[in-house]
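Data first, discussion second: the structure below is written as structure tokens.
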Amino acid sequence: MDNNFNSFDNLETSIRKSSVIQERINLVSIHMYKQFLEHQRSTMNAAETFVKIADNMQATVEYLKQTFSTRGIATDNIYFEADSSKSILILHILWHTISFTTKWNNQPQALYRGVEMPMISNRIIAIKGDFNKIVKGVDEENQLEAILQHEVASLFIPSERGQNCIIKINHLGNKEFYINHMDAPREFLLKVIETICGGGIYHEEVRQ
Numbered sequence: 213m214d215n216n217f218n219s220f221d222n223l224e225t226s227i228r229k230s231s232v233i234q235e236r237i238n239l240v241s242i243h244m245y246k247q248f249l250e251h252q253r254s255t256m257n258a259a260e261t262f263v264k265i266a267d268n269m270q271a272t273v274e275y276l277k278q279t280f281s282t283r284g285i286a287t288d289n290i291y292f293e294a295d296s297s298k299s300i301l302i303l304h305i306l307w308h309t310i311s312f313t314t315k316w317n318n319q320p321q322a323l324y325r326g327v328e329m330p331m332i333s334n335r336i337i338a339i340k341g342d343f344n345k346i347v348k349g350v351d352e353e354n355q356l357e358a359i360l361q362h363e364v365a366s367l368f369i370p371s372e373r374g375q376n377c378i379i380k381i382n383h384l385g386n387k388e389f390y391i392n393h394m395d396a397p398r399e400f401l402l403k404v405i406e407t408i409c410g411g412g413i414y415h416e417e418v419r420q
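Residue 398 in this note's numbering sits at position 186 of the sequence shown, and the numbers go up by one each step.
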């Protein structure tokens, strides 16, 4: 008789444990499913934005060629190229090289918002230099760190079309600029070009 009661107690304990596990895992799965959907939508928005950046880049190259040629400057080194995966764009403007990439968006990632809810978003990173040269010889797991050493700005693209994209520019202390989805490709490209090409390059000197 005791054995039967023990078996019943064990069964009740087992059911209770199973219920707790089910309830808590269900909460985790709901949370992860929400993140998955937001990541999926932000990835689609980012892919569309990246295509539009390439379109704006083509228009920019054509205008640069036109304006420099009228000034008698050779325009052979004004062009852009895309890699086969369509995740990297490299823009050449005379002595400047600027790269844009959508790599490292393979999982839901959020932009920290302080007191607000973190914003699940895809990220387009703009860097000064040639992406391929920067990562050459760098282990894949360390490539993002190498790229961020050359980051000029990033465009964070949320899942909802009604929610603004956010541009963060490094030399402005990561100051945020809010921009709608329609204008984001053009404005991000122009801000990066203005930041890099609107400045200058100093001669290297030995500091005393």
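Using N, Cα and C, we set each Cβ at its ideal position, and we do this for glycine too.
**Message:** Given this structure, state the Cα-to-Cα distance separating Pro320 from Glu416, to the nearest angstrom.
**Reply:** 41 Å
**Prompt:** Taking only beta-carbon atoms, is His304 less than 8 Å away from chain B?
**Reply:** Here there is only one protein chain, and chain B is not present.
**Request:** Consult DSSP for Lys348 and reduce its assignment to one of helix, strand or coil.
**Result:** coil
**Message:** Using the three-state DSSP reduction, which class does Lys298 fall into: helix, strand or coil?
**Reply:** coil
**Request:** Give me whichever residues DSSP pairs with Ser311 in a beta bridge.
**Result:** Ile302 and Ile339
**Asked** Thinking just about the alpha-carbon of each residue, which of Ala259, Lys345 and Asn268 is nearest to the one in Glu399?
**Response** Asn268
**Request:** Look up Ile448 in the DSSP assignment and say whether it is helix, strand or coil.
**Result:** Lying outside 213 to 420, the shown extent of the chain, residue 448 is not represented and no answer is given.
**Prompt:** Using a Cβ-Cβ cut-off of 7 Å (strictly less than) and excluding sequence neighbours within five positions of Ile391, which residues of its own chain qualify?
**Reply:** Asn376, Cys377, Ile379 and Glu399
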